[in-house]
Ligand SMILES: Nc1ncnc2c1ncn2[C@@H]1O[C@H](COP(=O)(O)OP(=O)(O)OP(=O)(O)O)[C@@H](O)[C@H]1O
Ligand SMILES: [Mg+2]
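Chains as they are written, first to last, in my numbering: chain H, 2 to 522; chain L, 14 to 337.
Rendered as structure tokens:
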């Protein structure tokens, strides 16, 4: 970290020194023009932000640069030479590294194995030299302040550590040009600060970075220039210094965006969810939730704030029934549901927007229609004698796409072809349209653009108006502050602080999130 | 029937080194095919074609050994080695078909495997008749004799069990240990496992998913072919129609019980070989034959259910990979 404070003021790249230039890049998918003659350039030492709505084509154009997709037109130049990048290997050879929006890590491998995969150090006898690999990783990790445990399996690592491992992987491969696709979507604020410090030290060392994010304050804070992509086209590129969040939002969406929705005061009804002395363990058998109690009333939004890895995932899964609890009770409208299976809990009115959309929320190889069916398959509405009422289902899927503005050429494409944000919208649409009495919303706006966030926040507030109880689990303190009627801070599986949404003090919450309390703080 | 007598006989069998020698012998074709299966499935390609590959190996082994001796004028001791080479090569060529179908054309891997099994059965049967003019089996061919290892084979008990075998039995042991090393201690092994777990992640760091999957499929071809050669050049000295009799499927199970590892595959094959060997020897006891025939399977299930936890298959197994 200290390297940053001593470094000279940022120069932000030299306009004459172009490392990468994309000219008229086009990319088509069946029924979709993902990139329409995109022009972009990257200066040496620059951080170039890409901003655009969900499905605008940001990931696609970067995948083209990384050699994952062959372009359907256009030219790529690296260091002034026109190149054809046919595979990630070719990109790596040109010094282009990428950190993907959806992590490309192998869950059952350790972090060090993931980092060296494809470019493994060898012993004299040709065996895998994990000792040397670990040494190199630790060195990189120390040099850039990205703390990871090399021997931890990815599936046991927190999302933040996985993110750092992804970045280290790109650095290990010797990237000179780094593509970061929404690297902060899953990081806690403190981790974002650390990452930004790292990024600055990288550009000071001569790296050039494409940085994709939906968070406008990050664009302002970190980038030198920003390009706005709309419907597959770069509509403009300009210096970040001369802009504001509001202006960015406007340029991106093409209309005024309300960055913070207002909620109206109203009274809370009967308790819908009552959690009594609930305990649970994580998948290693260690205590993850430690005897917590709280209630969520009808028409109330209770926000769970906290740093990732303090029991949020287990809380979500235990209440929904995906994981067994080890003690205590869960009451839904007075009925003990803690021994019921997931199907019964859904029948009783629990909806879930899971934290991990690709593992829990969607079947990526199913089309949108089938994904809309998930969790509804037992309901009379969707069934016919001896089967599923597909025409009704298709109609429902169509309405979901319409209402939630999901960008897709049709409802019959696989969910895997949707952009990250649109996958999230699909889950939201399914869960909200089912009409739950209790909605568990974990990171409901992860990866959404500002316009979509506004939309989802309005949806949640509308549910609240209609008496739905909402448990909002979020690592975005801003989100919790703007939506929640009551805020619980989760720290090491226990409730460290409970405050009403109206008189919540940001500092106090921030302190509780990291284990400090009012008494000793 | 006198229980005390039965007990005594069983005890004698358990104390007799030849029980264990037979165990090693019987387990060899299973182990080789199972290890091949482990390599293939670790890269994400389901291989139910092991049965067919073994059959092709057994046939080619006999065929090449026969021609080496009778047409190419090679000696009795060299001919079976030519048979082994032929078996391995043909096994690889045959399994390359699996690669084309399931890796390149992205067909359903189980369907491709099933089709190859049927094809192998028909083709080897037909060629036996066409080339040798007799249905059902080839003539006798030059085969391997046991090669006792000097000194070591004289060790009491262990000597006959471990050091008095035909060449492919020794090879199986080396391949089990070497295979384990390759899969878990070398870069290529890491890549193979990566491709079977998360091909897209491997692709994004420049590991060619197709190439690695072909490699896995070809290794299973080579080892399956070798397993077949063990049947036609060591167990007996000829090829007969459908001589594998389901061993490929048992090997597949051994690979799964062995948690998709070479060493595990070998150990579960040994267990199966042990049960088979008991079956052969306990036939002297006056028990219902159905009971004795059941023995290997029951023993396998009991030991495996008790001794091993749940096996977790490679994550991307059976899923064809396409780039976009
Ligand atoms: N592999 C694919 N097959 C078919 N269509 C695809 C594929 N990848 C992307 N698309 C489509 O291309 C368009 C652009 O997607 P892309 O992932 O580039 O968006 P994005 O700007 O990264 O959005 P987000 O912010 O939500 O991540 C979308 O309409 C998407 O549905
Ligand atoms: Mg994207």
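Note that the Cβ used here is the ideal one computed from N, Cα and C, for glycine as well.
Pick from the options that is closest to residue i, judged by C-alpha positions
{"i": "residue 352 of chain H", "options": "H/76, H/328, H/470, H/71", "result": "H/470"}
{"i": "residue 452 of chain H", "options": "H/174, H/164, H/247", "result": "H/247"}
{"i": "residue 448 of chain H", "options": "H/55, H/17, H/460, H/368", "result": "H/55"}
{"i": "residue 420 of chain H", "options": "H/18, H/20, H/47, H/59", "result": "H/59"}
{"i": "residue 498 of chain H", "options": "H/508, H/513, H/459, H/142", "result": "H/513"}
{"i": "residue 267 of chain H", "options": "H/465, H/440, H/25", "result": "H/465"}
{"i": "residue 80 of chain L", "options": "L/40, L/252, L/96, L/16", "result": "L/96"}
{"i": "residue 80 of chain H", "options": "H/298, H/314, H/209", "result": "H/209"}
{"i": "residue 153 of chain L", "options": "L/159, L/178, L/145", "result": "L/145"}
{"i": "residue 231 of chain H", "options": "H/483, H/216, H/53", "result": "H/53"}
{"i": "residue 102 of chain H", "options": "H/61, H/312, H/221, H/184", "result": "H/184"}
{"i": "residue 199 of chain L", "options": "H/129, H/238, H/194, H/308", "result": "H/129"}
{"i": "residue 205 of chain L", "options": "L/222, L/194, L/275, L/218", "result": "L/222"}
{"i": "residue 121 of chain H", "options": "H/170, H/490, H/145", "result": "H/170"}
{"i": "residue 349 of chain H", "options": "H/283, H/72, H/333", "result": "H/333"}
{"i": "residue 262 of chain H", "options": "H/51, H/435, H/433, H/463", "result": "H/463"}
{"i": "residue 322 of chain H", "options": "H/307, H/347, H/336, H/306", "result": "H/347"}
{"i": "residue 373 of chain H", "options": "H/342, H/325, H/327, H/433", "result": "H/433"}
With 16 other Cβ atoms within 10 Å as the buried cut-off, status of residue i
{"i": "residue 214 of chain L", "result": "buried"}
{"i": "residue 211 of chain L", "result": "buried"}
{"i": "residue 394 of chain L", "result": "Limits of chain L in this structure are 14 at one end and 337 at the other, which puts residue 394 of chain L out of reach."}
{"i": "residue 110 of chain H", "result": "buried"}
{"i": "residue 216 of chain L", "result": "buried"}
{"i": "residue 285 of chain L", "result": "buried"}
{"i": "residue 78 of chain L", "result": "buried"}
{"i": "residue 87 of chain H", "result": "exposed"}
{"i": "residue 185 of chain L", "result": "buried"}
{"i": "residue 273 of chain L", "result": "buried"}
{"i": "residue 67 of chain H", "result": "buried"}
{"i": "residue 2 of chain H", "result": "Bear in mind that the predicted position of residue 2 of chain H carries a pLDDT of just 38, short of 50, making it unreliable; the figure below should be weighed with that in mind. With fewer than 16 other Cβ atoms within 10 Å, it is exposed."}
{"i": "residue 306 of chain L", "result": "exposed"}
{"i": "residue 46 of chain L", "result": "buried"}
{"i": "residue 524 of chain H", "result": "The structure shown has nothing for residue 524 of chain H, since chain H only spans 2 to 522."}
{"i": "residue 167 of chain L", "result": "exposed"}
{"i": "residue 199 of chain H", "result": "buried"}
{"i": "residue 422 of chain H", "result": "buried"}
{"i": "residue 142 of chain H", "result": "buried"}
{"i": "residue 190 of chain L", "result": "exposed"}
{"i": "residue 112 of chain L", "result": "buried"}
{"i": "residue 158 of chain H", "result": "buried"}
Distance CB(residue i)-CB(residue j) smaller than 8 Å
{"i": "residue 99 of chain H", "j": "residue 182 of chain H", "result": "yes"}
{"i": "residue 89 of chain H", "j": "residue 69 of chain H", "result": "yes"}
{"i": "residue 203 of chain L", "j": "residue 118 of chain H", "result": "yes"}
{"i": "residue 63 of chain H", "j": "residue 211 of chain H", "result": "yes"}
{"i": "residue 126 of chain L", "j": "residue 60 of chain L", "result": "yes"}
{"i": "residue 229 of chain H", "j": "residue 236 of chain H", "result": "yes"}
{"i": "residue 298 of chain H", "j": "residue 338 of chain H", "result": "no"}
{"i": "residue 51 of chain L", "j": "residue 271 of chain L", "result": "yes"}
{"i": "residue 494 of chain H", "j": "residue 290 of chain H", "result": "yes"}
{"i": "residue 356 of chain H", "j": "residue 365 of chain H", "result": "no"}
{"i": "residue 487 of chain H", "j": "residue 475 of chain H", "result": "no"}
{"i": "residue 379 of chain H", "j": "residue 344 of chain H", "result": "yes"}
{"i": "residue 441 of chain H", "j": "residue 317 of chain H", "result": "yes"}
{"i": "residue 229 of chain L", "j": "residue 55 of chain L", "result": "yes"}
Restricting to runs no shorter than 4 residues, where is the alpha helix (DSSP H) found entirely within the region 312-376 of chain H? 313-321, 343-349, 369-374
Restricting to runs no shorter than 4 residues, where is the alpha helix (DSSP H) found entirely within the region 384-463 of chain H? Residue ranges of uninterrupted alpha helix (DSSP H) with 4 or more members, entirely inside the region 384-463 of chain H and ordered along the chain, are 391-404, 421-434.
Would you mind listing the beta strand (DSSP E) stretches within the region 246-325 of chain H that are 3+ residues and don't spill past its ends, in chain order? 272-282, 288-298, 302-306
Counting only runs that start and end within the region 23-68 of chain H, where is the alpha helix (DSSP H) found for 4 or more residues in a row? If we require 4 residues or more, the alpha helix (DSSP H) runs fully inside the region 23-68 of chain H come out as 59-66.
What ranges does the alpha helix (DSSP H) occupy inside the region 184-258 of chain H, keeping only unbroken runs of at least 4 residues that lie completely in it? 190-205, 217-223, 246-254
Every unbroken alpha helix (DSSP H) inside the region 248-282 of chain L [4 residues or more]: 260-270
Ignoring anything shorter than 4 residues or poking outside the region 203-234 of chain L, list the alpha helix (DSSP H) runs there in chain order. 212-217
Alpha helix (DSSP H) runs wholly inside the region 148-183 of chain L, at least 4 long, in chain order: 171-175
My parser needs the alpha helix (DSSP H) runs of 4 or more residues fully inside the region 92-129 of chain L; what are they? 92-112
Which runs of the alpha helix (DSSP H), 4 residues or longer, sit entirely within the region 136-185 of chain H? With a minimum length of 4 residues, the continuous alpha helix (DSSP H) runs that stay inside the region 136-185 of chain H are 160-173.
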